[in-house]
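Note that the working numbering has the sequence shown beginning at 20, numbered continuously upward. Every residue gets a Cβ at the ideal spot worked out from N, C-alpha and C, and that includes glycine. Report on the structure given below.
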Amino acid sequence: MAQPLMPHATASWLVENSSLTFEQIAAFCGLHILEVQAIADDTAATKLTGRDPIRAGELTHEEIEKGQKDPEYRLQMHKEPDPIRRTKGPRYTPVSKRQDKPDGINWIIRNHPEVTDGQISKLIGTTRTTIAAIRDRSHWNMANIQPKDPVTLGLTTQRELDAAVAKAQKAAGTTPQGDTRFDSDREALIEQLRAEREQHARDAEAALAAAEGGEEMASDEIVPGIKDPFKKQDS
């Protein structure tokens, strides 16, 4: 099944603007359900800017409504993303996005310092002079430049960024790394769910043992060993 060009940003938009289930969003975007949960809880490493899949031509209002009416329904992409066709010459960036370039450059420098200025210039469509000024923090607007993912900003594609990073890492003699932005969040969520499940199991076993042993319940217990969380405690 085809997936959106920017799955995390698309998932963020769907979480904010629809009542689709996490399972539906995860299936459409090709993500793990815990990644969608992390986006919904704002526990992701970077606050994502949502990407509207309707404006991108990947979904229709009718398709989203089908999913909202039936939690078991799996969204179908309206059309597959057009293949990337690059021509020679500098990358054109819409005027509305040009002010985002310094933020995208700063993100690459901070997260992938092995990427050369020449590669950044091709990815973002900027000059080496600007990149050097941001790298050595002498840029005239440095105080207002924040590192933001250039893919989320729409300055480049994930495929082109990954290719540039892999090429730079190969040249530097390091092993290319995958996208681990959500690893810590996923592990934390899994650990939390596991701990809660184990605690519930222990509480149930304790309650069963108490009941079999004929122990009397305290006045603030729902069942033996489990207190009523809504009962006001005596001071």
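Between the stretch 118-127 and the stretch 160-180 there are three or more inter-stretch CB-CB distances shorter than 8 Å, so the stretches are counted as touching. One thing to note: His-97 has its Cβ within 7 Å of the Cβ of Glu-77. If you draw a 10 Å sphere on the C-beta of Ser-31, you find 16 or more other C-beta atoms in it, and that means buried.
In chain order, Ile-128 place their CB closer than 6 Å to the CB of Arg-154, counting only its own chain and leaving out the 5 sequence neighbours on each side.
Linking Glu-224 to Ile-209 through their CA atoms gives a straight-line distance of about 23 Å. By the criterion of at least three beta-carbon pairs nearer than 8 Å, the stretch 36-51 is not in contact with the stretch 176-183. Taking a C-beta distance under 7 Å as the contact criterion, Leu-227 and Ala-183 do not qualify as a contact pair. In this model, Glu-217 and Ala-207 are separated by some 15 Å (Cα to Cα). In the three-state scheme derived from DSSP, where H, G and I count as helix and E and B as strand, Lys-85 is classed as helix.
Here Trp-159 carries a coil assignment [DSSP, helix/strand/coil].
For the pair Arg-156 and Gly-69, the Cα-to-Cα distance works out to about 29 Å. By the criterion of a C-beta distance shorter than 8 Å, Pro-26 is surrounded in its chain by Cys-48, Gly-49, Leu-50, once the five residues flanking it on both sides are discounted.
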